[in-house]
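In this note's numbering, the protein residues as written are 19 to 899.
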């Protein structure tokens, strides 16, 4: 048995069964990411426009500069998008490669040696001890172990394994994954950890043939479009329609106006074919320019810049964004499926509560109780402290008790000799150690209480015990998923398998895998943000419900907890019906997680999944956004969109906030751009009817377009994350990115700009100020239009009337907007014929600025009116509820 394989057998097995490697998805190259970026709906729309412009420029009726500008914009966006994703992936690979390769002990050629896990072959005899991670699938052929299968099934319980009587190796046997797969008598699986014991395992399956490998294979599902991509496709379609309709309307109006001016259709045709062709080409060129202006080229650039900025910012906070789009998706979450162990809880057993025989927490108050507890724990354990103060050896309970005791307390009793001891066994349910003059006991309360009539109070006195009161307390802790242990002393010597009748109770402790303190608050805040949190765990239902109540997941009687078995008795339609009240799924299988993701997506809900085990990986892949824990398995991290490096649930809240910030910044940019687009299209369409053929020239429109796109993206893309965003309701997957409120704001502001434009262009007061000179008037109008865009940028930053809110957190906005104004003023002096500009005097500049500033008070009035209407509607809803 201990001979193991020889070198020839190892090589033969490796040739037949391969290597013990869990294959990872190959990292995509920069070129792959770069080409994928061209599939973005906005980028595709820009490419179509670039092709049209290229055709027109080739025949001399469009500017090559605009084509070059769009081309550069496309290349910058795709480059930044690809670079951000590759950088995120490289950070993950760097962190992973920096970790030392796992090793294990194995018998080869009759000797025990240490090899890296990748070199294990089928048939190897692996030596397993406390703390070892099981490196392959196999059977225990010698010894006895207790293992932790939580990485595979999410269940943080000790699973006892004994040697198999049948040592026949069935290498080709398939393992069916069920709720009992990991807890049978002798089977061991890759990824599980040995709690305690010693044993030898014969390897049956390696690499991708292991259960962990089969789970890794279950990740080839097609990824669902992110909510942002869905919304941008919709927006691109609507903007295209708006631009095309606007272009056609303007073309028809211009041609009609020229026909009327010529004296009718016949007179117009009499002007000659070349004149008509020139007219049509000029009209077509202006129409295409309007389409170009209608499309927000800067939107993909802004998204790329914002994602890149936030990705690096979040990495500093221990959040590694593997797929940048995952941040935005996190902001749209409706449902978050969360693993329990290590995510909501700490992932390890610890002493949560202490009480003495009088139901008082006197551990730190009473020196006598503290001393006796130290003896009961320190002399009754299979664990110990190493030189660094870490607990090693023993089972999970021993480790939890020793951490409660602390190394300092343990050292106090190092000189006390144990004369005789009895280890814990499942029959007696207690352990004991005979010291000099007394015997100390540790065990199940129901065993020790039977033989106890007295207890020690906090003053060190021996007093009578009220067992009914203690049993109520134990039941109360059991309801909170705590395992209670009792500690007692006796003056009598230890007699094996026999409890004395003079036991004196020292105290009791409640042990469990406790809730992370920060997780409680984070869960509350995530729920307040409108995100439903559902715990999915491999633990038993009673434990899961207790943790759910303690972490504020279950707060109402209507909230539902189900086991996997109960869940699978329900049809998909029945699950959809109870989903709003569902809070816990216990004894969950990997298939339950994937099913729940599918069901929520069928309801058009955006779902997230947190997890650290191999069992979580398929669902992490299928979810809209997968949060993998940093301490989890490589398989989980490989498929996650976001890796929480510090395993902190609080970081999920941060990801949601950043996601909502990105979404709100996108909305600000769209409002900033579409307001001016609506105004420009309206003015260009109607102006000919007022005798102004072209108030904005093509070069004017292209300059305004540059301001709206690249510079606007830079200014608004850096808007800060605001806690107020966490009070907003999640956005539906199919909800239009342009809401009714936003559409109203765009129409109102765009309409106001159009109205002021015609007042500016046609009122005698203004024509007189500009010396009745059309060139000077149109230069003033061009500057008015640019300044209006700048001032409207302040409006869209805030939903309230304080347009300078949080401006200190985005000083770049002031710099960009200030630069636009300075360049615009310079243009009027040096732009000349190319920009159709003429210098303005001081009175004319003051007029331009005052007229442009009117957009601010107008929008403030709109905000006050609409905000009051919103408050009234909220109050009405409350009254109905």
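All C-beta atoms in this analysis are idealised placements derived from N, C-alpha and C, irrespective of residue type, glycine included. Being a predicted model, the structure only gives us computed values, none of them experimental.
As summarised for the stretch 587-615, the continuous beta strand (DSSP E) elements at least 3 residues long and confined to that stretch are 600-604, given in chain order.
Residue 385 is not a Cβ neighbour of residue 401, given a cutoff of 9 Å. For residue 292, the number of other beta carbons within 10 angstroms of its own is below 16, and it is reported as exposed.
Residues of the same chain with a CB within less than 8 Å of the CB of residue 672, apart from the 5 flanking positions on each side, are 332, 335 and 337 in chain order. Taking 3 residues as the minimum length, the beta strand (DSSP E) runs contained wholly in the stretch 469-546 are 470-474, 480-482, 501-508 and 521-533, in order along the chain.
Put simply, the backbone Cα of residue 483 is about 6 Å away from that of residue 375.
Judged by DSSP secondary structure, residue 178 falls within the beta strand (DSSP E) whose first and last residues are 176-180. According to DSSP, residue 625 shares a beta bridge with 353. The C-alpha of residue 227 is placed about 9 Å away from the C-alpha of residue 154. In the DSSP annotation of this structure, residue 391 is not part of any beta strand (DSSP E); the continuous alpha helix (DSSP H) holding it starts and ends at 385-396. In the three-state scheme derived from DSSP, where H, G and I count as helix and E and B as strand, residue 649 is classed as coil. Taking C-beta atoms as the reference points, residue 432 and residue 551 fail to come closer than 9 Å. Residue 827 and residue 863 have their C-alpha atoms some 31 Å from each other.
The beta-carbon separation of residue 62 and residue 146, rounded to 55 Å, does not stay under the 8 Å limit for a contact. In the DSSP annotation of this structure, residue 630 is not part of any alpha helix (DSSP H), being labelled neither H nor E.
For residue 712, no beta strand (DSSP E) encloses it, and the DSSP letter there is neither H nor E. Between the C-alpha atoms of residue 344 and residue 252 there is a straight-line separation of about 20 Å. Among the bridge pairs identified by DSSP, residue 144 is matched with 124 and 219.
Cα atoms of residue 415 and residue 409: separation of roughly 11 Å, rounded to the nearest angstrom. DSSP places residue 54 in the helix class (H, G or I) of the three-state scheme.
Pairing residue 800 with residue 771 gives a Cβ-Cβ distance that is not under 9 Å. Comparing alpha-carbon positions, the option among 387, 214, 603 and 389 lying closest to residue 558 turns out to be 603. Nearest to residue 89 by C-alpha distance, out of 56, 687, 120 and 509, is 56. Where residue 835 is concerned, the enclosing alpha helix (DSSP H) starts and stops at 829-848.
Residue 798 and residue 858 have their alpha carbons spaced roughly 7 Å apart. The three-state secondary structure of residue 160, taken from DSSP, is strand. Beyond the five residues adjoining it in sequence on each side, residue 837 comes within less than 8 Å, by CB distance, of 729 in the same chain, given in chain order. Between the stretch 689-704 and the stretch 657-675 there are fewer than three C-beta pairs closer than 8 Å, too few to call the two in contact.
For the options 123, 128 and 148, the alpha carbon positioned closest to that of residue 137 is the one of 123. Sequence-distant partners of residue 830 (beyond 5 residues in either direction) whose C-beta falls short of 8 Å from its own C-beta, in its chain, are 732, 733 and 736.
Straight through space, the alpha carbons of residue 444 and residue 179 are spaced by roughly 14 Å. With fewer than 16 other Cβ atoms inside 10 Å of its own Cβ, residue 21 counts as exposed. Here residue 158 is near residue 181, since their CB atoms are less than 9 Å apart. Using a C-beta cut-off of 8 Å, the stretch 450-462 makes no contact with the stretch 471-481, since fewer than three inter-stretch Cβ pairs fall below that distance. Boundaries of the beta strand (DSSP E) harbouring residue 439: 438-440, taken from the DSSP string. For residue 170 and residue 680, the gap between their C-alpha atoms comes out near 35 Å.
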